[in-house]
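So the protein sequences, as listed, match chains A and B.
Taking our numbering, the leading residue of the first sequence gets 2, the next gets one more, and so forth.
Taking our numbering, the leading residue of the second sequence gets 2, the next gets one more, and so forth.
Note that beta-carbon positions come from the ideal geometry of N, C-alpha and C, so glycine has one too.
Fair warning: this is a prediction, and the values are worked out from it, not measured in the lab.
Read through the structure below, which is laid out as C-alpha cells, and then see the notes.
Number of protein chains: 2
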Amino acid sequence: MKASAVARANIALVKYWGKRDEERILPANGSISLTLDGFTTLTTVETGPRAPRDELILDGKARGTDTREFRETVSRFIGLVRHEAGMLDPVKIVSRNDFPTGAGLASSASGYAALACALNEALALGLDARELSILARRGSGSATRSVFGGFVEWVRGERGDGSDSHAVPLAGPDHWPAFRMVVCLTDTQEKKVKSRAGMASSVATSPFWGGWLRCVEADLEAVRHGVASRDFSLVGATAEANALKMHAVMMTTSPSLLYWNPRTVQILQAVREWREGGLECYFTMDAGPQVKILCIEDVSPEIRTRLSRLPHPPDVVEASPGEGVALTEKHLF
Amino acid sequence: MKASAVARANIALVKYWGKRDEERILPANGSISLTLDGFTTLTTVETGPRAPRDELILDGKARGTDTREFRETVSRFIGLVRHEAGMLDPVKIVSRNDFPTGAGLASSASGYAALACALNEALALGLDARELSILARRGSGSATRSVFGGFVEWVRGERGDGSDSHAVPLAGPDHWPAFRMVVCLTDTQEKKVKSRAGMASSVATSPFWGGWLRCVEADLEAVRHGVASRDFSLVGATAEANALKMHAVMMTTSPSLLYWNPRTVQILQAVREWREGGLECYFTMDAGPQVKILCIEDVSPEIRTRLSRLPHPPDVVEASPGEGVALTEKHLF
C-alpha cells in the first residue's frame, strides 16, 4: 500500500523530439541517453481507502489536483495504472527532486520513472524492468529511459499499441565510469513551453521536421558504436550535432521555440573555443536553457575552472553515469 | 579613367543562403531585401597605365594583393570586368565603409555595388541598372540588390549563364518611408567564417538544406504581398521566421556555424518579450552576430530606449529605406 522509489534524470545524446502517437506517448524516433548520477527524484506513493482523494505533493508543495495540467498529466497516469491494477482507491504521491523542476533538467523523466516503480510495488503490479519502462513512458516519454542505468536506448517500436516501444540498456554505469556531464545551470525558472506541447507543435509546423527524422538513425548508430567502443570523440561530436538539429527544429517551429538565453550561448561558444584549443568537450541541450558539457573525467576540473572564469559563470553540477530506478526503504512521509 | 560611386548595404527580409553555381554566383533561391539609408560605401576607382598594378585600399588600409582572399574575390572580379571591357590596365580601388566591415552588416553588398558602378563609369562599360546588378552579383551575391533602393527582389533566374539572375526593384524608398531597421551592433569583429564559405558548406552538409529551399517561395510571396500592401505584421513575422530558418540551416552545417553571441540572444529574447507585451517589432539576422530589429518609425524611439536599458546594451544605428547605387562627384583620392 506504500512504497518509495528513487530514479535519476537522464540526458539524451540522441534526442527524442516528436511523437507518432500523442495518446500512448510513442516517439517518432528512437533515442539514446545517459542516466545521470546525482539528479535524483525520490517518490513515495500510498494508496488505499485512507487517502481521501488523489494528491500530489511535489518539492514540498501541494499541486492543485483540479488544474488542467494535473488532469492531463499525473491524474491521467494514475488513471492508467488504476485501470491496469483494477483498483479504485485514491493515490497520494509525495515526490522530491534534488534539482530544479521543469527547467530542462529531465525532472519528468526521473519523476515518472520513480512514480512507476513505486506504484508497481505499492499496487503489486508485478511488472519487470521492460514493462516498467513501458509504464513510465506513458507518464513522460523520456522517463522510459530512466528505468535503466548508464547508456540506454529507447527503441521507437513499430506497433500501434506501444508494446515494443521501451528502453533497452546499452551499457551499464560501470562500462564507462570516466564519462562526465558537467551540467551548467543558466536559469532555473520553469520553462514557458513544456516539452510535450513544444514537440507537438514542431511536428505540426517545422519545415525541418522531415529532415530531422531522416537523420536520427545515423546518429543512433554512431552513438551505439561510440558507446560500445568508448569512442568519446564520436559520441561527443554526434551528440552536439544532434542537439543542434533538435534546436534548429525548435526554433523553426511556429510559434518559434527559442530556449536559449545569453548564458546558454556564452557556454556554447566557450565549449567550441576550448575544443579548438585542444580541450576536448562537447555540448548538448534539451528543451530549456541549460547546457550539458560532455567530457572525460580527467579534463572536468579544467572545464569547471574555465566555467567559473566566464563573465557570467553558471552554477555547475558534475554528473557521472548513474543507476536505474530502484525501490528504497526511505519514505517521504 | 577615374570614377566614384556610393552604394548602401541591404538587409534581406527573405535570405539568400546557398548557390546553384559557385563560379557565376547564382543563388539557389530568390531573396528580398531592404536597401538601407545610412550604411554607405564610397568607392573610387582609377584605371590606366599610370597605376603600376591592381591595388585595394579598404577603410584606409592597403589590402595585400598577393593574398589568397584578394585573388579569389576582388582580383577575380576585376579580371571579369577587364575581360568585359577588353582592357589590360591595372585598377586602383579605394573604398571606405561608414560602418564595420565583414561583421554581418552587408559590407560586401554595398562594396561590390559601388565598385561595379564606379567601374562601369570609369571604363565606359555602358551597363544599364539591370546589367549593373548582374555585374555586382559576380562580386558578391547580395550586392546585386544594393544596385536598387527600397525593397528589392533578387530573382533566382533559371539560365545557366546567369543572364536572368538579377535584382528587380519592388518598391522604392518613398513607398514605405516609415519602415525602420534598428541595427544592433553586438560585436564588430570580422567574422571567422565568411558567408561564401559558410553557404557552400551548408549546401553540402546541412540536413535541412532541402527543407529550407522548399520554404522560400512562400516566404517570398508573403513579403512581396506585405511590401505592396504595407502590411508590417506580415513582412515582420515572415522575415523573423525566415531568418531563423537560415540560422537553423547554419547551425546544422558541418562544421556548425553559430554566429550568435550572448548579446545576440539577449536581443532576440527581448524583441519577443516586447512584442508579446504589445510593442510590435521583429528581428532578422545575417551571417554574423548583429540583430536588426524591424519596426515602424513611431515605435523606434521606445525600442531604442528599451535597448539602452538592457543589461548589456548594444550600439544602435537606425536606418530607413535608402537609395540605390549612384555615381558621385566626391572622390577618395
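Can you confirm whether A/W275, when its beta carbon is compared against all beta carbons of chain B, has any partner nearer than 7 Å?
no
For B/K20, which residues from the same chain have a beta carbon less than 8 Å from its beta carbon, with the 5 sequence-adjacent residues on both sides left out?
I26, L27, P28, A29, G142, M200, A201, V204
Determine the chain A residues that contact B/N262 at a beta-carbon separation under 7 Å, and present them in chain order.
V266, Q270
With A/E241 and A/T285 assumed to form a contact (beta carbons below 8 Å), what rounded beta-carbon distance in angstroms separates them?
6 Å
Measure from the C-beta of B/K246 to each C-beta in chain A and report whether the shortest distance is under 7 Å.
For B/K246, the nearest CB of chain A lies under 7 Å from its own CB, placing it at the interface with that chain.
I'd like to know whether the C-beta atoms of B/W125 and B/A8 end up nearer to each other than 7 Å.
Residue identity check: residue 125 of chain B is Ala in the sequence provided, not Trp. Not closer than 7 Å, so no.
How many Å lie between B/S164 and B/G158 at the Cα?
Near 8 Å, if we compare the C-alpha coordinates of B/G158 and B/S164.
Going by alpha carbons, who is nearest to B/P263 out of B/V217, B/D220, B/C185, B/G31?
In terms of Cα proximity to B/P263, the closest of B/V217, B/D220, B/C185, B/G31 is B/C185.
Give the secondary structure of B/W155 by DSSP, where H, G and I count as helix, E and B as strand, and everything else as coil.
strand
Beta-carbon gap between B/S321 and B/T254 smaller than 7 Å:
no
Check the DSSP bridge columns for A/V46 and list the partner residues they point to.
A/A4, A/I94
For B/S147, is the classification buried or exposed, using 16 other Cβ atoms within 10 angstroms of its Cβ as the cut-off for buried?
buried
Report yes if the CB atom of A/V384 is closer than 7 Å to the CB atom of A/A6, and no otherwise.
Outside the shown range of chain A (2 to 334) lies residue 384 of chain A, about which nothing can therefore be said.
Using the Cβ count rule (16 or more neighbours within 10 Å means buried), how would you classify A/E191?
exposed
What span of residues does the beta strand (DSSP E) with B/D232 cover, start to end?
Unbroken run through B/D232: none, as it is neither H nor E.
Alpha carbon of A/T36 to alpha carbon of B/F233, nearest angstrom
When rounded, the distance between both Cα atoms is 48 Å.
So if I threshold CB-CB distances at 7 Å, which residues from the stretch 184 to 213 of chain A count as touching chain B?
P208, F209, G211, G212
Between the Cα of A/S32 and those of A/G61, A/K93, A/M182, A/D220, spot the shortest distance and give me the residue it belongs to.
It is A/D220.
Beta-carbon spacing of A/D67, A/T102 below 7 Å
no
Considering Cα atoms alone, identify which of B/K62, B/P53, B/A110 is closest to B/L89.
B/P53
Could you confirm whether any beta carbon from chain B is found closer than 7 Å to the beta carbon of A/C282?
When Cβ-Cβ separations below 7 Å define contact, A/C282 makes no contact with chain B.
At the level of alpha carbons, what is the spacing between B/K3 and B/C118?
12 Å
At a Cβ cut of 8 Å, what residues of the stretch 214 to 248 of chain A count as close to chain B, listed as they run along the chain?
R215, C216, E241, A242, L245, K246, H248
For A/T253 and chain B, any beta-carbon pair shorter than 7 Å?
It does; some Cβ of chain B falls within 7 Å.
Going along chain B, which residues have a C-beta under 9 Å from A/L259?
L245, V266, L269, Q270, R273
Taking DSSP as the reference, what is the three-state secondary structure of A/Y260?
coil
If you draw a straight line from the C-alpha of B/G289 to the C-alpha of B/Y260, how long is it?
Distance between the alpha carbons of B/G289 and B/Y260 is about 5 Å.
Which parts of the stretch 139 to 210 of chain A are runs of the alpha helix (DSSP H), unbroken and 4 residues or longer, counting only runs that do not cross its ends?
144 to 147, 196 to 206, all fully within the stretch 139 to 210 of chain A.
Tell me the DSSP bridge mates of A/V82?
In DSSP, A/V82 forms no bridge with anything.
Rank B/G150, B/R310, B/V169, B/N11 by C-alpha distance to the C-alpha of B/I135 and give the top, closest one.
B/V169
Just how far apart, CA to CA, sit A/D175 and A/F152?
Each residue's alpha carbon lies about 10 Å from the other.
Could you check the C-alpha separation between B/G323 and B/T41 for me, to the nearest Å?
10 Å
Beta strand (DSSP E) segment containing B/L328, residue limits
327 to 329
Whole angstroms are fine: how far does the CA of A/H167 sit from the CA of A/G237?
24 Å
Could you compute how far the alpha carbon of A/R273 sits from the alpha carbon of B/S96?
35 Å
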